Every structure is written in structure tokens, then in C-alpha cells.
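For reference, the structure is listed below as C-alpha cells.
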Amino acid sequence: MSAVAARRRTLPGFGLTMGLTLTWLSVIILIPLAGLFLKSLELSPEQFWNILSSRRTLNALRVSFGLAFAAACVNLVMGSIIVWALVRYRFPGRRLFDAIVDVPFALPTAVAGVALTALFAEKGWLGAPLAALGLKVAFTPVGIFVAMIFIGIPFVVRTVQPVLQDLDPEIEEAAGSLGASRWQTIFRVILPSLAPALLTGLALAFARAVGEYGSVIFIAGNLPNVSEIAPLLIVIRLSEFRYADATAIAVVMLVVSFVIIFAVNRLQRWAQSRIPAR
Amino acid sequence: MTIEVRNLVKSFGSFKALDGVDLKVDSGELVALLGPSGSGKTTLLRIVAGLDWPDSGEVFINGEDALAQGARERHVGFVFQHYALFRHMTVFENVAFGLRVQPRAVRKDEAAIRIRVKELLDLVQLDWLADRYPSQLSGGQRQRIALARALAIEPRILLLDEPFGALDAKVRKELRKWLRSLHHEIHVTSIFVTHDQEEALEVANRVVVMDKGRIEQIGSPDDVYESPASAFVHGFIGESIELPVQVEGGAVRLDGRPLALAADGLAPGASKLFVRRHDMLVGPPGSGAFEGAVRHVRNFGPVQRAEVTLSGGKTIEIDAPRDKELRVGDTIGLEPRRYRIFAG
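Residue numbers (the numbering used here), protein chains in the order written: chain G, 1469 to 1746; chain V, 85 to 428.
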């Protein structure tokens, strides 16, 4: 950029804001994460590998990432339907439902965990009929899945909602008058237009579920190898003063999460590039 | 393909958008629905397209009962004011959309779709934009693409809702001419909605003037301009001087004083006198039906526009030829060359 152009910027302060951004991100995010990596360096590569390849660690990671992804997918589908109803229709109680969506954001996760456990326990309101059908939710991986759905739903709804609000209903009418069926309109017109927002919502709900601790540990039963999530295993290792073990698991979670989120981000950028800004 | 609507009624809450509308459009016509906002013209268009449903009344497209079909089955091309292009699709895919969503049994193969889209893009003279996205086009280009997209399905009729309403004046004039020549070329029965009288008079074969959910007049552009059927039409189309007058005892009175105008065949009572601005001829004081003082003169293209306060106190604007000498403060006589008086 030439000096003249730089001087003509309406708002000064590139240097100031950039400096603050870097400092802040360093203090809040980068330095703590670097500390994590440093701590894990206390382990030899062999020790590191042994910790990770232990059955308990692998199972915990599988439970965390697998269920988080499954929960995020469910949230994507259900969240989209909820957004559709909230944006496109006017019904009594719409504002109330709209507000309820945010509850998982605000509720202390432990409260959510206790509430879900009570609800889905074998004698609970939902647990009893489900148990009669042979499905045990509380104290099983299914319970983890339920808790992860609970805490992830607002992320999908709140990212997709503004984009759908922005989508002119006229394009649905246009598709209809061109002969498209309802399904064709949804799959060829509406969903592709929402794709970037849907992917962002999916990534956020996934990230939240992977990192979730409070609500899950109450409902999970925390049986090693079966319903033990990776964050809980980290806490267990910490309580055993095996700090290096804890950081090794944390590092893996961090790297895997980062790779997944980065990939979704690229996918989202690609989808966005097909819809240039208006 | 003909379009016929009978006694259409449609309300939105307590607002009557259509209040008993009858209209017949012949095959190959290009009809303008003209009226102020809220006159029901867009509602009428949307009902014909199947995007809205009337409370009562009938719609026939080519003699078939259209209300028995949804928008999808009616095979109607619809062009929206704000284009409604699919923003995640290229221009090519937008135009191809109607062909791609056809049932498998009648769907063209990829090669035939390409040929058809190319034809349409040539028709709207935008084949060089095939790979762009709608957001990369100007408003005028977007509307031409929207038209190409609507024509792709070979619609039985073409409906355009304020097609040029969102464009700037210059582009609007170009597209008007272009639409007229396009219609000449493809001859599909078309209705377009506009609130711009110039647009309606310039483009359409026939003009339907609407107000408050009713049709005020149907006629050729010349008809509605030269012989307006109602006070509303006279006031809405072309610039008019409107004066409240009283018809009594065989005379037309303005502010109690009789005017030298024939009152034959007029119903007594409060009425409105309409004169086109350029139909007020300027003469010496004492000549003509009115007398007034010139307040203000401004040159306005080929004419000069003068503000004249009549002797009764009312102020009107007239258009006089540029060579007529008018000075502020002059007292002049005014004679309406043509005028209309409507009761009410």
C-alpha cells in the first residue's frame, strides 16, 4: 500500500488494533496452549505413545469425538428445522421458543447434567418409558450423546437463523413457478444457500460437545472404556498427579479438534466462495 | 394463450386488495397493470401466477381452471421486482434451473439443456455472463437473466411484477424498449405490473388502470390518456390541473362564480374539472374561461411552466410554449382547449 493511500484511510489505528489483537490472543490463548505443549515435552516420545495407545485413552477419545460428531449432526438437522419454524412462521409463543433456544448457553452445565440425569434415569419421566422399550439412557454412552445434543443446539440455531432471515422467500416462489417441487426447492435452492452457515453451526456444535465436561459427567456413568469422556480422563490423571499424562491427552484433543475445525472452516470458505457477497 | 379472471376478491385482514376484478387478456397481448401502490395490481398478478389465492372468483389460463392448479403446474413465467435469482448458482445454472427440475420423463438431456440455455442467453444478449454469479451483475443484467430463466420453461404466459422498479431511470428506459421488441419477437401473452405511467403507455398494447382493488379503465394507451373514464384515471395519468367545481342551473361554477364552460349533460352537484396542463391556452386578460396572475415562471425542457393564481384564489400550474411571453405579475386569460368534468 502506498503512503498516500495509507494516509487517506478514514479510520486510523491499524497498528494499534493489530498490536492489541496479537497481544490479547497471545495472553489468552496462545501462551496457555504453548504451556500445554511444553509440559507434554517432559515425556519421551515412547512414554507419550504409550499413554496415547493405552486402551483407556483411546476409548475415551473415541467416545468424546465420536459422540460429539454424532450429536453435532443431530443438532444440524434438528437445528435447521427449528430455525425454519422460528423464521418462516408466525405462531403464538414464537418469541418464547426463540428465547428457550438460548437456555443451554446460560444454564450452568452441572445443573443441566443433573436435570438430564434425573429425567433420563430409570425412574425418570423420560427414562421410565424408554427403559420399558429396552433403551437405557442415563449412565450409558447414549446419555453422553443426549447431553451433547442439549449443549450444542443453540450453536446451530444461532448461526443459521440470521442467514435464513436474510434469504428472500421470493426465491422459493421463483423455484416453485419454475416447476420445482417442494423437495427440489429445499435441496437445490434453500440448503445450498444456507450451506456456509450450516457448516459453521456444525463446527461450533461439535467443538462445544468435544470440550463439554460439566453436564456429561453427571449422566455418563463414567465407566472406563465405555462411557468415560476424554476431558474426564484428563481430570482423573490430574487428581492422580500424573500431569504429563493429562497434558498428553490434552495435546491430542487439541490437535485433533484443531484439524477438524480447520477442515470445516476451509469447507465453509469454499461454500461461501460460491455465494459471493451481495 | 388467453388469461381470464372473473370477479376476483382478495382481502389481507381488513384491507381489500382486490374488490371484484374482471379482466380478459387475449393471446399474444402485452398488457400493463397500472396503479398506485396498494391498488391491488401485484396481488392480481400473484393470483394469476398461483403465488397467492383469492377469497373468491375464478382464474382461467387458456380456458383451463387455473385455481385447480398450484404455481408449479401452471407453467407460468414470473419475473420478480427484486429478481429473486439463486445467488449460489451461476447465471447459466439459474437459467437452466427450470429445465433441470423437470420430471425425469420429460427432462432434456445435458446437451439439449446447454443448447437451450445458450439460446436464451443470446436472446437476452448476455451469453458472455454465463459463468458469473448474480452478485457480480448490474441490476439491469440481473433482470434480463431473471427473464431468461422464466422463459426457459417455455411458459404459457409471462408475468412481470414491477420488472424495472428497482433500476435507475436510464437503464429502465433501455429495458422498456428492449422488452417491447422482445415481446414482438416471441409473442408470449404477457402482463406486467407498474406504477410508472410512462412505462405502461410506452410498452403495453393495452393498459389496465387500477385503484383501490378495482379496475378503473381498460383501454389502449391512447384511450386512457386521451379519454380517461374517471376522475382517478385523469388525475393519475398525465399531469392534470384539478379544480373543485359546482354544477348547478346549467352552469359550471368555481368558487361560486360561473365559468364560460358548457355544462350540457352534467349531473348537478359537486364535481371536479380536469384540464391537462398543456391544454390551458394563454390569452390576454378577459379572454377565456379563467383569469389569473402569473406568480412564477420556470423553463422546463420544451415548455415553460407557470404558476398562476386564479381570481378565485386557487393556484394552478400550466405549461405554455417557450415562445409565449409570460412575466411574473402579468394578468392573463386562460382557455381550456380540452377539459373533462367528473361528478364527485
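Positions of the beta carbon are idealized from the N, C-alpha and C atoms, including for glycine. Only a predicted model underlies this, so the values are computations on that prediction, with no experimental measurement involved.
Residue i versus residue j: straight-line alpha-carbon distance, rounded
| i | j | result |
| --- | --- | --- |
| V:Gly322 | V:Phe96 | 31 Å |
| G:Ala1502 | G:Thr1485 | 23 Å |
| G:Leu1493 | G:Arg1676 | 20 Å |
| V:Met294 | V:Pro312 | 12 Å |
| V:Glu283 | V:Val201 | 29 Å |
| G:Asn1693 | G:Asn1527 | 5 Å |
| V:Glu258 | V:Leu207 | 15 Å |
| V:Gly141 | V:Arg90 | 6 Å |
| G:Ser1523 | G:Glu1514 | According to the sequence provided, residue 1523 of chain G is Arg. The question's Ser does not apply to it. C-alpha separation (whole angstroms): 16 Å. |
| V:Asp149 | V:Arg156 | 14 Å |
| G:Ala1536 | G:Asp1570 | 19 Å |
| G:Glu1510 | G:Asn1733 | 32 Å |
| V:Leu343 | V:Ala253 | 41 Å |
| V:Val331 | V:Ala351 | 7 Å |
| V:Asp407 | V:Gly397 | 27 Å |
| V:Ile229 | V:Asp307 | 33 Å |
| G:Leu1646 | G:Val1631 | 24 Å |
| V:Arg226 | V:Leu235 | 14 Å |
| G:Phe1655 | G:Ser1649 | 10 Å |
| V:Val291 | V:Ala116 | 5 Å |
| G:Asn1543 | V:Val160 | 38 Å |
Residue i burial status per 10 Å Cβ neighbour count (16 or more: buried)
| i | result |
| --- | --- |
| G:Glu1640 | buried |
| V:Phe170 | buried |
| V:Arg382 | exposed |
| G:Ala1745 | Reliability fails at G:Ala1745, whose pLDDT of 49 lies under 50, so the model's placement of it is uncertain and no value is given. |
| G:Asp1634 | exposed |
| G:Val1723 | exposed |
| V:Gln209 | exposed |
| V:His268 | exposed |
| V:Gly340 | exposed |
| V:Glu246 | buried |
| V:Leu242 | buried |
| V:Gln220 | exposed |
| V:Lys125 | buried |
| G:Asp1713 | buried |
| G:Pro1576 | exposed |
| G:Val1495 | exposed |
| V:His172 | buried |
Chain V residues whose Cβ lies nearer than 8 Å to that of residue i
| i | result |
| --- | --- |
| G:Leu1646 | Phe181, Gly182, Val185, Arg233, Ala234, Ala236, Ile237 |
| G:Gln1652 | Val185 |
| G:Ala1636 | One detail in the question is off: residue 1636 of chain G reads as Asp in this sequence, not Ala. Correct list: His166, Ala168. |
| G:Ser1661 | Phe170, Arg171, His172 |
| G:Ser1649 | Arg156, Val185 |
Own chain residues within Cβ distance below 8 Å of residue i, not counting five before or after
| i | result |
| --- | --- |
| G:Trp1738 | none |
| G:Leu1735 | Leu1667 |
| V:Pro138 | Leu92, Val93, Lys94, Leu102, Ile131, Leu151 |
| V:His380 | Ala390, Glu391, Val412 |
Start and end residues, beta strand (DSSP E) containing residue i
| i | result |
| --- | --- |
| V:Leu242 | 241–245 |
| G:Glu1680 | That residue, G:Glu1680, is in no beta strand (DSSP E); it is neither H nor E in DSSP. |
| V:Asn91 | 87–96 |
| V:Lys356 | 353–360 |
| V:Gln225 | Taken as a continuous stretch (DSSP letters only), V:Gln225 belongs to no beta strand (DSSP E), being part of the alpha helix (DSSP H) at 223–236. |
| V:Arg379 | 374–384 |
| V:Phe426 | 424–427 |
Same chain, Cβ closer than 6 Å to residue i, five either side skipped, listed in chain order
| i | result |
| --- | --- |
| V:Arg298 | Asp103 |
| G:Phe1686 | Gly1581, Val1582, Thr1585 |
| V:Leu418 | Met364, Gly372, Phe374 |
| G:Ser1470 | Residue placement at G:Ser1470 is flagged as unreliable, the pLDDT there being 49, under the threshold of 50; the coordinate-derived value follows with that caveat. Here the set comprises nothing. |
| V:Asn289 | Glu113, Leu114 |
Where the alpha helix (DSSP H) through residue i begins and ends
| i | result |
| --- | --- |
| V:Phe162 | No alpha helix (DSSP H) contains V:Phe162, which is instead part of the beta strand (DSSP E) from 160–163. |
| G:Asn1518 | 1513–1521 |
| G:Leu1720 | Note that residue 1720 of chain G is Val in the sequence shown, not Leu. It spans 1711–1741 - the alpha helix (DSSP H) in which G:Val1720 sits, taken as one unbroken run. |
| V:Lys257 | 253–270 |
| V:Asn178 | 175–184 |
Contacts of residue i in chain V (Cβ-Cβ under 9 Å)
| i | result |
| --- | --- |
| G:Val1727 | Simply none; closest approach about 27 Å. |
Contacting residues, own chain, Cβ-Cβ under 7 Å from residue i (five flanking each side not counted)
| i | result |
| --- | --- |
| V:Gly249 | Gln165 |
| G:Pro1572 | Ala1580, Phe1618, Ile1619, Ile1621, Pro1622 |
| G:Ile1729 | Ala1671, Ala1675 |
| G:Ala1698 | Ala1528, Leu1529, Ser1532, Ile1717, Met1721 |
| V:Glu286 | Arg260 |
Under 8 Å by beta carbon: chain G residues contacting residue i
| i | result |
| --- | --- |
| V:Ala155 | Glu1641, Gly1644, Ser1645 |
| V:Phe162 | Glu1641, Ala1642, Ser1645 |
| V:Leu221 | Those within 8 Å of V:Leu221 in chain G number zero; the least Cβ separation is about 11 Å. |
| V:Leu135 | Glu1641, Gly1644, Ser1645 |
Chain-ordered neighbours of residue i on chain V, where CB pairs are closer than 7 Å
| i | result |
| --- | --- |
| G:Val1657 | Phe170 |
Below-8 Å beta-carbon distance, residue i vs any chain B residue
| i | result |
| --- | --- |
| G:Gln1629 | Checking the listed chains, one finds no chain B in this structure; the protein chains it contains are G and V. |
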